[in-house]
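One structure is given below, encoded as structure tokens.
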Amino acid sequence: EHLQSQELKIPPKSRVQYTFPPLFFYKPELWWPNGMGKQFLYNVEITVDVKGIGLSDSWGHKFGFRKIESTIDTATGGRLFKVNGQPVFIRGGNWILSDGLLRLSEKRYKTDIRFHADMNFNMIRCWGGGLAERPEFYHYCDVYGLLVWQEFWITGDCDGRGAPISNPNGPLDHDLFLLCARDTVKLLRNHASLALWVGGNEQTPPDDINTALKDDLRLHSLFQCCNELSTSEKDIL
Amino acid sequence: APIGKTKLDAGWLAARSTDVQLTGVQLTTTHPPSSPPSPPWMEAAVPGTVLGTLLKNKLVPDPFYGLKNETIIDIADSGREYYTFWFFTTFSCSPSGNQHVDLQFRAINYSAEVYLNGHKKVLPEGMFRRHFVDITDILSPDGKNLLAVIVHPPDHPGRIPPEGGQGGDHEIGKDVAAQYVEGWDWMAPIRDRNTGIWDEVSVSITGPVKIIDPHLVSSFFDNFKRVYLHSTAELENKSSWLANCSLTIQVTAELEENICLI
Numbered sequence: 009e010h011l012q013s014q015e016l017k018i019p020p021k022s023r024v025q026y027t028f029p030p031l032f033f034y035k036p037e038l039w040w041p042n043g044m045g046k047q048f049l050y051n052v053e054i055t056v057d058v059k060g061i062g063l064s065d066s067w068g069h070k071f072g073f074r075k076i077e078s079t080i081d082t083a084t085g086g087r088l089f090k091v092n093g094q095p096v097f098i099r100g101g102n103w104i105l106s107d108g109l110l111r112l113s114e115k116r117y118k119t120d121i122r123f124h125a126d127m128n129f130n131m132i133r134c135w136g137g138g139l140a141e142r143p144e145f146y147h148y149c150d151v152y153g154l155l156v157w158q159e160f161w162i163t164g165d166c167d168g169r170g171a172p173i174s175n176p177n178g179p180l181d182h183d184l185f186l187l188c189a190r191d192t193v194k195l196l197r198n199h200a201s202l203a204l205w206v207g208g209n210e211q212t213p214p215d216d217i218n219t220a221l222k223d224d225l226r227l228h229s230l231f232q233c234c235n236e237l238s239t240s241e242k243d244i245l
Numbered sequence: 024a025p026i027g028k029t030k031l032d033a034g035w036l037a038a039r040s041t042d043v044q045l046t047g048v049q050l051t052t053t054h055p056p057s058s059p060p061s062p063p064w065m066e067a068a069v070p071g072t073v074l075g076t077l078l079k080n081k082l083v084p085d086p087f088y089g090l091k092n093e094t095i096i097d098i099a100d101s102g103r104e105y106y107t108f109w110f111f112t113t114f115s116c117s118p119s120g121n122q123h124v125d126l127q128f129r130a131i132n133y134s135a136e137v138y139l140n141g142h143k144k145v146l147p148e149g150m151f152r153r154h155f156v157d158i159t160d161i162l163s164p165d166g167k168n169l170l171a172v173i174v175h176p177p178d179h180p181g182r183i184p185p186e187g188g189q190g191g192d193h194e195i196g197k198d199v200a201a202q203y204v205e206g207w208d209w210m211a212p213i214r215d216r217n218t219g220i221w222d223e224v225s226v227s228i229t230g231p232v233k234i235i236d237p238h239l240v241s242s243f244f245d246n247f248k249r250v251y252l253h254s255t256a257e258l259e260n261k262s263s264w265l266a267n268c269s270l271t272i273q274v275t276a277e278l279e280e281n282i283c284l285i
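Line by line, the protein sequences are chains A and B.
According to the working numbering, the first sequence is numbered sequentially starting from 9.
According to the working numbering, the second sequence is numbered sequentially starting from 24.
Below, the structure is given as structure tokens:
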């Protein structure tokens with residue numbers, strides 16, 4: 009059930025996008041945040057062999073099955089999180105980066121993030137004025153069960169606030185911002201710990217950027233709450 | 024050569040660009056820096072920042088010790104050229120006829136030009152983007168390759184007002200870069216604004232077909248009893264002929280070290 013091969017032909021000098029038929033799992037081990045259960049991670053490996061040549065490329069990732077939902081609570085204005093259907097009491101740490109000279113070793117990430125887990129935290133918020141954190145950071149958040157709230161790079165430096173007043177329209181090159189955002193999403197999107205993308209620090213980005221981010225990061229209708237799916241959509245799944 | 028990625032995280036040298044009179048072509052053909060390095064070249068911190076390299080060579084005091092940061096010249100006063108640095112390394116790579124090689128930078132702050140064996144490639148601005156350079160056709164036939172990268176600081180490094188303040192004069196916010204570097208209520212300004220090759224550099228060898236950015240998503244039914252893993256990937260055929268491929272996905276659970284359940 010968990011091994012599948014597909015034959016395909018790819019035209020010369022071209023790129024194609026390929027979607028495997030879904031792999032079925034019966035009661036898989038789930039990934040849970042720190043304090044709620046195990047952080048079970050499966051090894052996913054994708055390989056491509058070319059006829060007459062052999063192995064052409066391979067890719068691997070530690071993947072956790074989990075469903076993260078969050079909504080704004082109308083009574084308090086706070087954001088409520090559920091993981092695998094269970095409400096989570098969020099205990100978070102604010103994060104800028106591990107080191108101001110960007111000496112970001114894997115060992116350092118492991119130590120820093122394990123420390124957050126040892127403090128009984130279950131979330132780290134990556135502030136918009138810092139970094140889009142690195143895959144090694146996310147790997148250890150996967151391993152130790154720290155949900156990640158990742159902000160894009162919008163702060164008081166580019167929203168018309170501050171003294172002197174900053175540029176109210178974000179970074180000068182909006183296309184560059186979106187290019188970086190899209191590439192960052194592709195870099196990090198498979199991590200179990202990645203819980204929420206946020207436009208910026210305590211505010212929304214300029215309208216065009218915000219609209220593009222919301223549009224690009226919108227959950228595909230097939231992955232909305234399963235109860236809302238039509239029979240035909242379930243069949244497609 | 025085996026398929027896969029090799030990190031280039033050792034043996035890097037660096038020099039301030041204004042101290043180097045050679046061009047990138049010369050550095051990567053006839054006049055590479057010597058190793059061990061002699062001034063203006065020094066051992067570099069890659070991945071890392073220019074300030075990290077200067078600290079590694081004890082050319083600046085540790086900015087996070089006492090108030091030593093105050094003694095390091097800020098980019099607003101020094102000019103961007105002062106923190107514009109060359110980085111240099113060598114690597115071996117001998118792909119076979121059907122193999123292709125990418126040079127990958129997972130992040131650079133803020134823009135750069137790359138020279139490999141005398142060939143120039145431009146890496147555009149943006150702190151949070153990956154760069155992939157197909158170097159298959161410019162690798163050295165003898166397998167020994169010379170790589171030089173000149174890294175430019177953010178376009179708008181800004182100036183820190185005497186009273187400090189949130190994000191200095193906010194100029195850094197005009198770029199797509201980390202903004203804490205102009206200082207904040209909890210942080211002193213970073214003098215080089217984190218200029219550098221700040222994340223992983225690697226050389227990746229593939230056959231004719233390369234896997235790009237797979238996407239894994241799960242969907243859940245019947246109270247997590249029935250679960251599906253959905254996977255999508257881009258595939259690039261770099262060859263000039265139709266590639267007949269076998270694409271495989273395998274999911275395993277590690278029961279004990281080196282014992283897996285398929």
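Even glycine gets a Cβ: it sits at the ideal position worked out from N, Cα and C.
As the structure is a prediction and not an experimental result, all values here were calculated from the model.
Spatial neighbours of residue i in its chain, beta-carbon cut-off 6 Å, leaving aside the 5 residues before and after
i, result
"histidine 142 of chain B", "Ile161"
"threonine 52 of chain B", "Gly141"
"phenylalanine 155 of chain B", "Asp125 and Gln127"
"valine 52 of chain A", "His69 and Phe71"
"tyrosine 50 of chain A", "Phe71"
"valine 43 of chain B", "Trp109"
"proline 60 of chain B", "Leu36"
"isoleucine 213 of chain B", "Val204"
Own chain, CB closer than 7 Å to residue i, minus 5 neighbours either side, in chain order
i, result
"alanine 24 of chain B", "Cys116, Ser117, Pro118, Ser119, Gln122 and Ile228"
"serine 225 of chain B", "Lys28, Thr29, Lys30, Leu31 and Gln127"
"isoleucine 220 of chain B", "Val69, Pro70, Phe110, Phe128, Ile131, Val172 and Val174"
"glycine 187 of chain B", "Gly206"
"isoleucine 98 of chain A", "Phe89, Asn130 and Met131"
8 Å contact criterion, which residue i and residue j should meet: CB distance rounded
i, j, result
"tyrosine 148 of chain A", "lysine 118 of chain A", "5 Å"
"phenylalanine 89 of chain A", "serine 242 of chain B", "About 19 Å separates the two Cβ atoms, so there is no contact after all."
"histidine 179 of chain B", "isoleucine 195 of chain B", "6 Å"
"threonine 218 of chain B", "valine 69 of chain B", "Not quite, the Cβ-Cβ distance comes to about 12 Å (not below 8 Å), so this is no contact."
"glutamate 114 of chain A", "glutamate 141 of chain A", "Incorrect: roughly 13 Å between the Cβ atoms, too far for contact."
"leucine 187 of chain A", "glycine 75 of chain B", "Going by Cβ atoms, the distance from leucine 187 of chain A to glycine 75 of chain B rounds to 26 Å, so no, they are not a contact pair."
"isoleucine 162 of chain A", "glycine 208 of chain A", "3 Å"
"phenylalanine 73 of chain A", "proline 36 of chain A", "5 Å"
Coil, strand or helix - residue i by DSSP
i, result
"leucine 11 of chain A", "strand"
"proline 176 of chain A", "coil"
"glutamine 49 of chain B", "helix"
"asparagine 42 of chain A", "coil"
"arginine 23 of chain A", "strand"
"tyrosine 152 of chain A", "helix"
"histidine 199 of chain A", "coil"
"alanine 38 of chain B", "strand"
"cysteine 134 of chain A", "strand"
"valine 91 of chain A", "strand"
"phenylalanine 185 of chain A", "helix"
"isoleucine 234 of chain B", "strand"
"alanine 130 of chain B", "coil"
Residue i: CB within 7 Å of a non-hydrogen atom of the ligand COA
i, result
"tryptophan 264 of chain B", "You won't find the ligand COA in this model; it holds no ligand whatsoever."
Chain-order list of residues whose beta-carbon lies under 8 Å from that of residue i (same chain, five-residue window excluded)
i, result
"glycine 43 of chain A", "Asn128, Asn130 and Gly153"
"alanine 171 of chain A", "none"
"aspartate 236 of chain B", "Ala256 and Glu257"
Residue environment, residue i, which counts as buried when at least 16 other CB atoms sit within 10 Å
i, result
"histidine 228 of chain A", "exposed"
"aspartate 57 of chain A", "buried"
"alanine 171 of chain B", "buried"
"lysine 21 of chain A", "exposed"
"tryptophan 64 of chain B", "buried"
"serine 13 of chain A", "exposed"
"isoleucine 173 of chain A", "exposed"
"aspartate 223 of chain A", "exposed"
"arginine 226 of chain A", "exposed"
"glutamate 223 of chain B", "buried"
"valine 145 of chain B", "exposed"
"threonine 107 of chain B", "buried"
"isoleucine 121 of chain A", "buried"
"alanine 125 of chain A", "buried"
"isoleucine 234 of chain B", "buried"
"lysine 75 of chain A", "buried"
7 Å Cβ cut-off: residues of chain D touching residue i
i, result
"phenylalanine 231 of chain A", "Absent from the structure is chain D; the protein chains it does hold are A and B."
Contact list for the segment 106–129 of chain B against chain A, Cβ threshold 8 Å: Within the segment 106–129 of chain B, the qualifying residues are Asn121 and Arg129.
Residues within the segment 265–279 of chain B neighbouring chain A, beta-carbon criterion of under 7 Å: Going along the segment 265–279 of chain B in chain order, one finds Leu265, Ala266, Asn267, Cys268, Ser269, Leu270, Thr271, Ile272, Gln273, Val274, Thr275, Ala276 and Glu277 with a Cβ nearer than 7 Å to chain A.
Members of the segment 69–93 of chain B near chain A, C-beta cut-off 8 Å: Per Cβ criterion, the list reads Pro70, Gly71, Thr72, Leu74, Gly75, Leu78, Pro86 and Phe87.
Proximal residues, the segment 245–262 of chain B versus chain A, C-beta separation under 8 Å: Residues Asn246, Phe247, Lys248, Arg249, Val250, Tyr251, Leu252, His253, Ser254, Thr255, Ala256, Glu257, Leu258, Glu259, Asn260, Lys261 and Ser262.
Chain A contacts from the segment 41–52 of chain B (Cβ-Cβ distance under 9 Å): Result list empty, no residue passes.
Within 9 Å of chain A by C-beta, residues of the segment 131–154 of chain B in sequence order: Under the 9 Å Cβ criterion, the segment 131–154 of chain B contributes Asn132, Pro147, Glu148, Gly149, Met150, Phe151, Arg152 and Arg153.
Contacting positions in the segment 181–194 of chain B - beta carbon closer than 7 Å to chain A: Listed in sequence order: Gly188, Gln189, Gly190, Asp192 and His193.
Proximal residues, the segment 192–213 of chain B versus chain A, C-beta separation under 9 Å: Contact residues of the segment 192–213 of chain B toward chain A are Asp192, His193, Glu194, Ile195, Gly196, Lys197, Asp198, Val199, Ala200, Ala201, Gln202, Tyr203, Val204, Glu205, Trp207, Trp209, Met210, Ala211 and Ile213 (C-beta to C-beta distance below 9 Å).
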